[in-house]
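Have a look at the structure below before the remarks.
Numbering (mature numbering (1 follows the signal peptide of the UniProt record, and there is no 0)), first residue to last: -30 to -1, 1 to 565.
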């Protein structure tokens, strides 16, 4: 009996018989043999090729895969002479193996090994199909899955300050070297679709003043990874570079370098400004300039304010700074109630704790002149002369009066920043009249502005009358009043009209300059002392008469109360008190009207 192997007859077999028994290659996975005996018609049978074996796979060097499998063969012991290797992606797509696993791989003696280099990143299984000559066996079952990963992960870092001041800006870690401190590097390793995060490593630091051993951190699994403290001593000036390396499970790495640099400089700019001087507005616009920082960057800003009581034009003790606004805009509207002084500052802090305090050089004094006057003990009458039309002189305190001759109303007033107006008198017939408010000890207060007076000597009744409550008697005038001479001297006096001429206090000249001047006359009924204050200062004193001065029933403004000696100019803020004001109060009132 003869046997056919691989399509060739062995000794003594007829070539024609073999040709009739061999299947075409297209018919697949069978290998035919023919058996004959002498005198017989012959008989045929097929030996089927088994499925490929399940290979073992191993990844080396991140993307090289070693595939190993045991040999298979026919049932009669004939081994496969080659194998076809395929690689299957996790989505089921099948690829022909490449490199050392490409094409039919010649069979080894008992096992066969091939290596596919540069396998694309992914999760793969491998399958093997045996071959014998031109016949192929079925593809075997898939290997265990392996992952190839030759792509470096992404590495990002942050800084967590522990002590002192530190901050990460871009790739620079800024530290405030004036005081000791430390920070930790927080590293995030991202490897989507790859082998996954494995560790982060920081380099050791050997710069003067620094302490950090460096080394890998592997916990928690997957990160983020927190380094050991990177610490500096107080007064450290040296910077250094710190390398941070992220690694995935496959061993791919990505490194970045942080420049660690000192920042002990405060931010610049950020000036703050206020409108300087006196105002009656109860809202103040604060100007806030932009701030810059060339190191770690501006971390935050705050606008703060402080206030003090305002007495006249003098500010008392300022209180603590209080917060007005966080990160204010270019302007800030500050509610500033009257009767106080206000200051502002802009505090700018960088990211490591350096701070700059820009204090406004101006002080705002928010006045309420009327409130100052009405709060003064002894006030009995107060006329602001702020009418804009009509003939009635309105009283803030005491009795109303009346205008005569048609003085101009609604002109600019004496008090800086106060919208209240003043009355203007023409020096001919304009005047105002009120009931006489005082007679014993008293103080009379007013503001005037003029360029023209009257008279040059004698009683106040010879000057241009600013305020007058006198009446003639058969022996002379009786009463009191204030006037201004032609040379600008202010005159204040009293007279009893029966026993002696008037007694007057006369200031120096120069007050007819077209500017506002503050005048206060005081009279002590017990001693008869008369004092004259001009612009907050005591200018003259006279020894007058004691007792009441009550002969005149009314008091005139802008002329003698009985007529004559008309004043040309402006009057404002007329007040009467039933006591003698002290010098401090007089000066406070004067200063309360200044810028």
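A virtual CB, placed ideally from N, CA and C, is assigned to each residue, including glycine.
Going by Cα to Cα distance, which pick from the options is closest to residue i?
{"i": "residue 270", "options": "153, 297, 254, 262", "result": "297"}
{"i": "residue 61", "options": "92, 472, 406", "result": "92"}
{"i": "residue 348", "options": "552, 43, 19", "result": "552"}
{"i": "residue 500", "options": "323, 528, 450", "result": "450"}
{"i": "residue 288", "options": "314, 536, 454", "result": "314"}
{"i": "residue 152", "options": "230, 473, 191, 220", "result": "230"}
{"i": "residue 84", "options": "95, 550, 94, 68", "result": "68"}
{"i": "residue 20", "options": "28, 27, 37, 43", "result": "43"}
{"i": "residue 106", "options": "131, 129, 73", "result": "73"}
{"i": "residue 459", "options": "465, 446, 480", "result": "480"}
{"i": "residue 395", "options": "465, 385, 378", "result": "378"}
{"i": "residue 538", "options": "495, 555, 208, 483", "result": "483"}
{"i": "residue 300", "options": "114, 160, 242, 209", "result": "242"}
{"i": "residue 569", "options": "291, 342, 28, 524", "result": "Residue 569 cannot be examined here, being either before or after the span of the chain that is shown, -30 to 565."}
{"i": "residue 443", "options": "437, 427, 465", "result": "465"}
{"i": "residue 111", "options": "199, 418, 24", "result": "24"}
{"i": "residue 332", "options": "194, 249, 381", "result": "249"}
{"i": "residue 279", "options": "264, 178, 312", "result": "312"}
{"i": "residue 373", "options": "541, 154, 292", "result": "541"}
{"i": "residue 368", "options": "547, 319, 102, 159", "result": "547"}
{"i": "residue 506", "options": "330, 559, 448, 477", "result": "559"}
{"i": "residue 222", "options": "134, 434, 30", "result": "30"}
Could you check whether residue j and residue i sit closer than 8 Å to each other, using their CB atoms as the reference points?
{"i": "residue 336", "j": "residue 354", "result": "no"}
{"i": "residue 76", "j": "residue 22", "result": "no"}
{"i": "residue 536", "j": "residue 401", "result": "yes"}
{"i": "residue 97", "j": "residue 58", "result": "yes"}
{"i": "residue 420", "j": "residue 431", "result": "no"}
{"i": "residue 18", "j": "residue 120", "result": "no"}
{"i": "residue 390", "j": "residue 383", "result": "yes"}
{"i": "residue 244", "j": "residue 334", "result": "yes"}
{"i": "residue 471", "j": "residue 446", "result": "yes"}
{"i": "residue 282", "j": "residue 502", "result": "no"}
{"i": "residue 326", "j": "residue 267", "result": "no"}
{"i": "residue 208", "j": "residue 179", "result": "yes"}
{"i": "residue 118", "j": "residue 94", "result": "yes"}
{"i": "residue 456", "j": "residue 425", "result": "yes"}
{"i": "residue 104", "j": "residue 26", "result": "no"}
Does DSSP put residue i in a helix, a strand or coil?
{"i": "residue 457", "result": "coil"}
{"i": "residue 320", "result": "strand"}
{"i": "residue 250", "result": "coil"}
{"i": "residue 105", "result": "strand"}
{"i": "residue 430", "result": "helix"}
{"i": "residue -25", "result": "Only weak support exists for where residue -25 lies, its pLDDT of 33 falling under 50; the value from the coordinates is given anyway. Looking at residue -25 - three-state DSSP - the assignment turns out to be coil, as it is neither helix nor strand."}
{"i": "residue 128", "result": "strand"}
{"i": "residue 564", "result": "coil"}
{"i": "residue 514", "result": "coil"}
{"i": "residue -10", "result": "Low local confidence applies: a pLDDT of 30 at residue -10 is under 50, so the model's placement there is unreliable, with the coordinate-based value given in what follows. Helix, per DSSP."}
{"i": "residue 550", "result": "coil"}
{"i": "residue 70", "result": "helix"}
{"i": "residue 291", "result": "coil"}
{"i": "residue 354", "result": "coil"}
{"i": "residue 233", "result": "coil"}
{"i": "residue 330", "result": "coil"}
{"i": "residue 531", "result": "coil"}
{"i": "residue 17", "result": "strand"}
If you follow the alpha helix (DSSP H) that residue i is in, where does it begin and where does it stop?
{"i": "residue 558", "result": "553 to 561"}
{"i": "residue 579", "result": "Residue 579 lies beyond the residue range present for the chain, which begins at -30 and ends at 565; the question has no answer from this structure."}
Between which two residues does the beta strand (DSSP E) holding residue i run?
{"i": "residue 157", "result": "151 to 160"}
{"i": "residue 540", "result": "538 to 547"}
{"i": "residue 491", "result": "487 to 493"}
{"i": "residue 524", "result": "524 to 527"}
{"i": "residue 275", "result": "268 to 281"}
{"i": "residue 74", "result": "74 to 76"}
{"i": "residue 84", "result": "81 to 86"}
{"i": "residue 36", "result": "34 to 40"}
{"i": "residue 418", "result": "412 to 422"}
{"i": "residue 182", "result": "Looking at the DSSP string, residue 182 is not in any beta strand (DSSP E), and its letter there is neither H nor E."}
{"i": "residue 27", "result": "26 to 30"}
{"i": "residue 396", "result": "391 to 396"}
{"i": "residue 502", "result": "499 to 504"}
Under 8 Å: do the segment 213 to 223 and the segment 117 to 126 share three or more Cβ pairs, one atom per stretch? With the cut-off at 8 Å, the segment 213 to 223 and the segment 117 to 126 touch.
Stretch pair the segment 409 to 417 + the segment 481 to 493: three plus CB contacts closer than 8 Å: Touching, yes, given that three or more Cβ pairs across the two stretches are closer than 8 Å.
When the Cβ atoms of the segment 294 to 310 are set against those of the segment 248 to 266, are three or more pairs found closer than 8 Å? Touching, per the Cβ criterion.
Touching by the beta-carbon criterion (3+ pairs, under 8 Å), the segment 165 to 177 and the segment 354 to 365: The count of Cβ pairs closer than 8 Å, one atom from the segment 165 to 177 and one from the segment 354 to 365, stays below three, leaving the stretches out of contact.
Evaluate the contact criterion for the segment 61 to 72 versus the segment 133 to 151: three or more CB pairs, one atom per stretch, below 8 Å. Touching, no, given that fewer than three Cβ pairs across the two stretches are closer than 8 Å.
Flag this pair as touching only if the segment 228 to 237 and the segment 274 to 290 have three or more C-beta atom pairs under 8 Å; answer yes or no. Verdict: no, contact absent.
Count the C-beta pairs between the segment 529 to 547 and the segment 499 to 516 that are closer than 8 Å, then say yes if the count reaches three, no if not. By the C-beta criterion, the segment 529 to 547 is judged not to be in contact with the segment 499 to 516, since fewer than 3 inter-stretch pairs fall below 8 Å.
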